[in-house]
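Student: When you line the sequence shown up against my numbering, it's residues 1431 to 1807, in that order.
By construction, the Cβ of each residue, glycine as well, lies at the ideal position given by its N, Cα and C atoms.
Remember, it's a predicted structure, so these values are computed and weren't measured experimentally.
This is the structure I want to talk about, given as structure tokens.
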Amino acid sequence: MDPFIPQFAPWFDGSEALELSNYMKSDGYLTEFRLTQQFEQMLCDYTSSRHAVMTNSGTTALMTMLYACSIGPGDEVIVPNYTMIATPNAVRAVGATPVLVDINLDSLSLDLEKTREAVTPRTKAIFLVLANGREPSPGINAFVELCEELGLLLLEDAAQALGSFYKDGRAMGTVGAAGMISFSVPKIITTGQGGCILTSDDALASRARGAKDFGRERGGVDIHREFGLNFKFTDLQAAVGVAQMRKLEERVSLKRDIFSIYREHLSGIPEVYFFEQDLELTTPWFIDIAVPDRQKLVDHLVGAKIGTRPMYPPVSRQPIYNQRGKFSNSIWVGAHGLWLPSSSQLSSSEVSRVTSAIKDFYSQDSKVTAPRFTRPD
Ligand SMILES: *Cc1c(COP(=O)(O)O)cnc(C)c1O
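Right, dumping it as structure tokens:
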């Protein structure tokens, strides 16, 4: 019998175990120190960022960067209505108000014109989410210019975008005032949990370093002129991160290969819609498609022992936000978007098993499925 293909599974080889075991044989303190600094340096080198500040999760990286940008009560931050819940929740956690704006379907990122319309005198920042490593349409510079024109900070949630670059060659997460990456288990590389703030602003980096260490003046000195909490990383996790960083290029190229095999195998099925993805410069984190009859396809794939996951529901429809508004594109993605098996280690025969099962579904079921959908404007 064929084994179950999960939507995602982590992937390690002996190198993480070796790093961890070497570290445990040294007289380290486990908390963040030299290995964390080495991991931060590797991230700086890879992204050409001046600073990389590790935190204990992507969510606390988001909170810490907002705090370091002095965003708080009374401020509004524009957030796309299609994102992981951590983006709007981090804005709320620092006391500011997330203002939800619809996305466009070319990039699954903030719609530029709707973003402009949502700006008020209270708006402090625009939080771009680089969905699946895609460059926001019509290009990052349009958002840079909008922020310059209106005097706003540009922030980048690059949680899913390590290994993705803008058309001008800059790494995602390094163009705005600050950006962040997540190292939770499903992300491009993982440290179990973990996050990183990228910035080229020395003062902002130093505020972020203080804020994640109780607002200490410096390590080991208990003088607090600034507010802070404990969002520090550990060298134990950095051991895994350093080993994973060495395999980043390989993982990125596997992700791109897997995406292109899926796209090629499924290109003849009109019901399966692929969002545009530039496989030269960007790295698909998950394989994302849209289909008219998602639940039926999901059930069929479960029968074929294949796992999937619906893409994020619109933030506006989450019970804790529950907002009305014109969010037709994010609502459409929430209803039709589906993540297919996306582990970096998927073999081409596993990908073929998935695409054959999808083809079977659409050949047997085509007469009873919903009529082909039309994309909203
Ligand atoms: C994963 C993710 C986060 C949160 O990161 P954690 O490390 O899980 O806290 C934030 N934003 C986006 C877009 C993500 O995909």
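Would you kindly report the start and end of the unbroken alpha helix (DSSP H) that includes D1813?
Tutor: No answer is possible for residue 1813: it lies beyond the span of the chain, which begins at 1431 and ends at 1807.
Student: What did DSSP end up calling R1726 once you bin it into helix, strand or coil?
Tutor: Along the sequence shown, one-based indexing puts residue 1726 at 296. Per the sequence shown, residue 1726 should be read as Lys rather than Arg. Three-state DSSP puts K1726 in a helix.
Student: By a C-beta neighbour count over all protein chains shown, 10 Å radius and 16 as the cutoff for buried, is F1647 buried or exposed?
Tutor: Translated into the one-based positions of the sequence shown, residue 1647 becomes position 217. This sequence places Glu at residue 1647; Phe is not what is there. The residue in question, E1647, is exposed, as its Cβ has fewer than 16 Cβ neighbours within 10 Å.
Student: In chain order, which continuous runs of the alpha helix (DSSP H) of length 4 or greater are located wholly inside the segment 1553–1631?
Tutor: As far as the segment 1553–1631 is concerned, its whole alpha helix (DSSP H) runs of at least 4 residues are 1570–1580.
Student: So W1762 is in the alpha helix (DSSP H); what residue range does that whole segment cover?
Tutor: The residue labelled residue 1762 in the question sits at position 332 within the sequence shown. 1758–1766 is the span of the alpha helix (DSSP H), which, as asked, contains W1762.
Student: In three-state terms, what does DSSP make of Y1476?
Tutor: Residue numbering aside, residue 1476 sits at position 46 when the sequence shown is read from its first letter. Looking at Y1476 - three-state DSSP - the assignment turns out to be helix.
Student: Measure the C-alpha to C-alpha separation of L1450 and F1442 and round it to an integer number of angstroms.
Tutor: The sequence position of residue 1450 within the sequence shown is 20, counting from 1. The sequence position of residue 1442 within the sequence shown is 12, counting from 1. Between L1450 and F1442, the C-alpha separation is close to 12 Å.
Student: Is R1639 helix, strand or coil by DSSP?
Tutor: For the purposes of this step, residue 1639 is taken as residue 209 along the sequence shown, with counting starting at 1. It is helical.
Student: For Y1692, which option in I1719, M1602, S1630, Y1459 has the closest C-alpha, if you only look at C-alpha atoms?
Tutor: Here residue 1692 corresponds to residue number 262 of the sequence shown, with the count starting at 1. Considering only alpha carbons, the answer is I1719.
Student: Tell me which residue opens and which closes the alpha helix (DSSP H) that A1449 is part of.
Tutor: Here residue 1449 refers to the residue found at position 19 of the sequence shown. Checking the displayed sequence, the identity of residue 1449 turns out to be Glu instead of Ala. Per DSSP, E1449 belongs to the alpha helix (DSSP H) from 1444–1455.
Student: What whole-angstrom Cβ distance do R1564 and T1712 have, given they're in contact under 8 Å?
Tutor: Mapped onto the sequence shown, residue 1564 falls at position 134. Mapped onto the sequence shown, residue 1712 falls at position 282. Their Cβ separation, rounded to whole angstroms, is 6 Å, which keeps R1564 and T1712 in contact under 8 Å.
Student: Looking at K1642 and ligand 1, is the gap between the Cβ and the nearest heavy atom below 7 Å?
Tutor: Residue mapping note: residue 1642 aligns to position 212 of the sequence shown, counting from 1. It does not: the Cβ of K1642 is nowhere closer than 7 Å to a heavy atom of ligand 1.
Student: Is DSSP giving V1798 helix, strand or coil here?
Tutor: Start at 1 with the first residue of the sequence shown, and residue 1798 comes out as number 368. With a pLDDT of 49 at V1798, under the threshold of 50, the modelled position of that residue is not reliable, and the figure given next carries that caveat. V1798: coil per DSSP, three-state reduction.
Student: CA-CA distance, S1766 and T1545?
Tutor: The sequence position of residue 1766 within the sequence shown is 336, counting from 1. The sequence position of residue 1545 within the sequence shown is 115, counting from 1. Ser is not the amino acid found at residue 1766; the sequence shown has His there. Looking at the two C-alpha atoms, the distance is approximately 24 Å.
Student: Is any heavy atom in ligand 2 found nearer than 7 Å to the beta carbon of K1617?
Tutor: This structure lacks ligand 2; its bound ligands are ligand 1.
Student: How big is the Cα-Cα spacing for G1658 and K1642?
Tutor: As a first step, residue 1658 must be located in the sequence shown, where it is residue number 228. As a first step, residue 1642 must be located in the sequence shown, where it is residue number 212. Those two C-alpha atoms are separated by around 6 Å.
Student: Quick one: residues in its chain with C-beta nearer than 6 Å to the C-beta of F1613, no 5 flanking neighbours on either side, listed in chain order?
Tutor: Indexing the sequence shown from 1 puts residue 1613 at position 183. Hits under 6 Å: T1620, T1621, G1624.
Student: Please state whether the Cβ-Cβ distance between V1672 and F1469 is less than 8 Å.
Tutor: Working through the sequence shown from its first residue, we reach residue 1672 at position 242. Working through the sequence shown from its first residue, we reach residue 1469 at position 39. Their beta carbons are under 8 Å apart, which means V1672 touches F1469 by this criterion.
Student: In the DSSP output, what is F1704 paired with across the bridge?
Tutor: For the purposes of this step, residue 1704 is taken as residue 274 along the sequence shown, with counting starting at 1. I1719, per the DSSP bridge assignment.
Student: Run through the DSSP bridge pairs and tell me what I1501 is partnered with.
Tutor: Mapped onto the sequence shown, residue 1501 falls at position 71. The partner list for I1501 (beta bridge, DSSP) is empty, contrary to what the question assumes.
Student: Does the beta-carbon of Q1707 have 16 or more other beta-carbons within 10 angstroms, so that it is buried, or is it exposed?
Tutor: Counting from one through the sequence shown, the residue named residue 1707 turns up at place 277. Looking at its Cβ environment, which holds 16 or more other Cβ atoms inside 10 Å, Q1707 is buried.
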